[in-house]
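Protein chains: 4
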Amino acid sequence: MMNKKEKIVHAAIEVFKEKGIEKTKISDIVKLAGIAQGTFYLYFPSKLSVMPAIAEVMVEKEMAAVKAQVDESASFSTQLTQVVDAIFSFTSDYRELQALVYAGLASTEHIKEWETVYQPFYSWISQFLQEAKISGVIRHSINVERTSKLFIGLVESAAEQIYLYDSKQDGNADTQKLEVMDFLKRGLGIRE
Amino acid sequence: MMNKKEKIVHAAIEVFKEKGIEKTKISDIVKLAGIAQGTFYLYFPSKLSVMPAIAEVMVEKEMAAVKAQVDESASFSTQLTQVVDAIFSFTSDYRELQALVYAGLASTEHIKEWETVYQPFYSWISQFLQEAKISGVIRHSINVERTSKLFIGLVESAAEQIYLYDSKQDGNADTQKLEVMDFLKRGLGIRE
Amino acid sequence: MMNKKEKIVHAAIEVFKEKGIEKTKISDIVKLAGIAQGTFYLYFPSKLSVMPAIAEVMVEKEMAAVKAQVDESASFSTQLTQVVDAIFSFTSDYRELQALVYAGLASTEHIKEWETVYQPFYSWISQFLQEAKISGVIRHSINVERTSKLFIGLVESAAEQIYLYDSKQDGNADTQKLEVMDFLKRGLGIRE
Amino acid sequence: MMNKKEKIVHAAIEVFKEKGIEKTKISDIVKLAGIAQGTFYLYFPSKLSVMPAIAEVMVEKEMAAVKAQVDESASFSTQLTQVVDAIFSFTSDYRELQALVYAGLASTEHIKEWETVYQPFYSWISQFLQEAKISGVIRHSINVERTSKLFIGLVESAAEQIYLYDSKQDGNADTQKLEVMDFLKRGLGIRE
DNA sequence: TATGAATGAGTCTTCATTCAT
DNA sequence: CATGAATGAAGACTCATTCAT
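Residue numbers (UniProt numbering), protein chains in the order written: chain R, 1 to 192; chain D, 1 to 192; chain B, 1 to 192; chain Z, 1 to 192.
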């Protein structure tokens, strides 16, 4: 059983995905959430103020997707591929919403929260890299905190490229993914 | 002297930066542009349809900033640093607008234009990498078209991190930039 | 031909009289004024902000009623009766609206304007008393400016009493009016 | 310790004074009264239905103020001055609320209650005048019931003028009060 | 009695769009 | 081409009222 606030957030995610920020009416959100119009305003003062809560849910989803994909008993290189696969897959599903949330936050002084919200994911990747660094699988000169952000930035932007390309004949997801993997492994200084 | 269409585009950039997409009214744009309400419709059918024109201006500015920074007689490694510097600098100035334009295009059917608009910049970077590849400064296995996009994605997302961090004590632009440069050079397989 | 602002003010007077402030909708006003909903907001930011303009019109009406009733060639005593008759008649028609306007102004920081708006009427009564004072019809010790306000206050509040009484058996307009006239003449120190 | 009904009435007085009728919400009243939203409806069916109870409290206060000021062993003329002083003082404190209550009653069908509520005060003034009439201090032709209302109407409206004037240089409370006293004494036909 | 979260009808308010000048 | 007052459909938002606890 979800409480009303969670219902609103989840409904908002669906409606924003479906219609975009501009065309989403609060009445659409409440209809999907199965609550009354006025109830929305007990929890959020405006449409855009739902954004930070959405961002949190999205990062939770992304992390869950990554964790579900990774086989911890496999080699680092395999796990790396699994992480990239998961991010590619998640990003292609949610890239539009992610852009909207980002823009929504950017236009309302909430942008600093983006950092906070993404933190758990950065931490997880940091930890992932740290273990590889300790076992000597990746180069020792790496700063895992900073690199975790480069990692995510690189893979997500690469994944977005695929989306933009998906109607073109000269490229496809797999080739792009291999290119990223290669670039990433070299950047990380992998030895395996 | 700017013509009316240019006035609209430049006014729209200012207003979008100031208020975000959602809160920007056409009346704000025309007020700043110093033209009449009705005149807007002689040039654009809607608020969001100005976005592609804004994106063009933005990419022009970004390319101009990069070109101005690069010394073509310097070594590839030096030029690489100059390119990264220019993108960092540009991104920190325009990152909000960039997110808005991206989201604005994403929320309509204009998203494919993003690709078209960014193309000249991708081409320039491709060419830049191609020359380095020919001279053997970077690894031969690289696909310059695809890598140009990874390159820009990586550097821009790294630059955004800096912006988000700029009030924190534990990181600073220079350290972050060095980390990116290192990652980038390894990813490109630079030999110098 | 009335301009739009005047149309709004006159429509608002009618609707406020008919329904009271609370139950008046802006849609009622614009419907009666024969203009579009949005047009209202080009001239007034809210329902209550029409009040000062209404107050002005009301004072104009009251003065016009008084002037129309007074026969300047008659004796002062006769003219006095005519003034009182006119105020009684006007007040009984508009007393509810007057209370509403007064309360409306009082609750919105506009109350100081009440003074300004009533000024022309005070001036007219002052002048009326001044002439009587010069001809020696009323006592010399009178300050006409201040007394003009006492005069209007006394007569209007007496007129309101009548309204409150009109369903009672023990009083009627004429008796009340005579009592006021007597009180007033003594207060003014009339000699005739 | 106040009971809940009294809490509501006193909270309503404060809020109406602060915000005016229009902008006062029941939620404001209950918040200030420190009770729950639903509790309001156990005592009053609507916002405006609190008005008669407020009016009662107001008249009680006004009478108490007058009685406290009057020295029954003094001469009539002195007592008259004391009454006027008390009304001036009370009116300047509560004039806004008085206008609101009046308008509030006027805009519903409660207006007739105004009469009822004010009755004790009218009676007191009537009695006060009656005694003076019997002792021959004021003229015999006076109808004390009707005149009590003229009396209060005159003094209260004069007091409001002072309030409106208090920022002006050309008038002040004392001069205005003297003018009223003079007018009043003549109207009453005082001999002393 | 008392509570206060939830409701949703009723209004306010905005703002893209039009069109006579 | 250019204007900007006027429009009114669309949606945001409020707040009196209810009712399960």
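All C-beta atoms in this analysis are idealised placements derived from N, C-alpha and C, irrespective of residue type, glycine included. Treat the numbers as computed from the prediction; the structure is a model and nothing was measured.
- Between the stretch 81-88 of chain R and the stretch 171-186 of chain R, the count of C-beta pairs closer than 8 Å reaches three or more; the two stretches touch.
- With a threshold of 8 Å between beta carbons, residue 129(Z) makes no contact with chain B.
- When only Cα atoms are considered, residue 177(B) and residue 151(Z) end up about 14 Å apart.
- Remark: C-beta atoms of residue 153(B) and residue 154(Z) approach each other more closely than 8 Å.
- If you draw a straight line from the Cα of residue 35(R) to the Cα of residue 46(R), it is about 16 Å long.
- Less than 8 Å divides the Cβ of residue 27(B) from the Cβ of residue 37(B).
- With a threshold of 8 Å between beta carbons, residue 150(B) makes contact with chain Z.
- Boundaries of the alpha helix (DSSP H) around residue 88(Z): 76-106.
- The criterion of a C-beta distance shorter than 8 Å is not satisfied by residue 132(Z) and residue 125(Z).
- CA-to-CA, the gap between residue 43(Z) and residue 3(Z) works out to about 11 Å.
- For residue 191(D), no CB of chain R lies under 8 Å from its own CB, so it is not counted at the interface with that chain.
- Approximately 4 Å separates the beta-carbon atoms of residue 180(R) and residue 158(R); this is inside 8 Å, confirming the contact.
- Here the alpha carbon of residue 12(B) sits roughly 8 Å from the alpha carbon of residue 54(B).
- With respect to the C-alpha of residue 22(D), the residue from 79(R), 100(R), 6(R), 96(R) having the closest C-alpha is 100(R).
- Non-local C-beta neighbours of residue 136(B) in its own chain, meaning closer than 8 Å and more than five positions away in sequence, comprise 191, ordered along the chain.
- Your pair residue 105(D) and residue 51(D) checks out as a contact, with CB atoms roughly 5 Å apart and the cut at 8 Å.
- The residues 52, in chain order, have a CB closer than 6 Å to that of residue 110(B) in the same chain once the five nearest residues on each side in sequence are set aside.
- Of all residues in the UniProt domain "HTH tetR-type" (2-62) of chain R, only 20, 21, 22, 48 place a beta-carbon less than 7 Å from a beta-carbon of chain D.
- Here residue 142(B) has 129, 133, 188, 189 as same chain residues with Cβ atoms under 8 Å from its own Cβ, once five neighbours each way along the sequence are excluded.
- Contact note: residue 147(D) reaches chain R through 179, 183, using a C-beta cutoff of 9 Å and chain order.
- Taking all protein chains in view, the Cβ of residue 62(R) is crowded by 16 or more other Cβ atoms within 10 Å, so the residue is classified as buried.
- Non-local beta-carbon contacts of residue 59(D) in its own chain, meaning distances under 8 Å to residues more than five positions away in sequence, involve 117, 118, 120, 121 in chain order.
- Taking a Cβ-Cβ cut-off of 9 Å, the neighbours of residue 102(D) in chain R comprise 99, 102, 103, given in sequence order.
- When Cβ-Cβ separations below 8 Å define contact, residue 80(B) makes no contact with chain Z.
- Judged by DSSP in its simplified three-state form, residue 117(R) adopts helix.
- For residue 143(D), the neighbours in chain R by C-beta distance under 7 Å run, in chain order, 179.
- Secondary structure note for residue 25(R): it is in no alpha helix (DSSP H), with a DSSP letter that is neither H nor E.
- For residue 72(B), there is no enclosing alpha helix (DSSP H), as DSSP marks it with neither H nor E.
- Note on geometry: alpha-carbon atoms of residue 7(Z) and residue 20(B) lie some 28 Å from one another.
- Look at residue 186(Z) here: in three-state DSSP terms it is helix.
- Just so you know, the alpha carbons of residue 81(D) and residue 30(R) end up roughly 51 Å apart.
- Interface residue (Cβ-Cβ distance to chain D less than 8 Å): residue 173(R) is not classified as such.
- The beta carbons of residue 83(Z) and residue 66(Z) sit about 6 Å from each other, so the pair counts as a contact at 8 Å.
- The residues 132, 137, in chain order, have a CB closer than 6 Å to that of residue 76(Z) in the same chain once the five nearest residues on each side in sequence are set aside.
- Using beta-carbon distances, residue 96(R) counts as an interface residue toward chain D, with a partner under 8 Å.
- Residue 98(R) has its alpha-carbon roughly 9 Å from the corresponding atom of residue 17(R).
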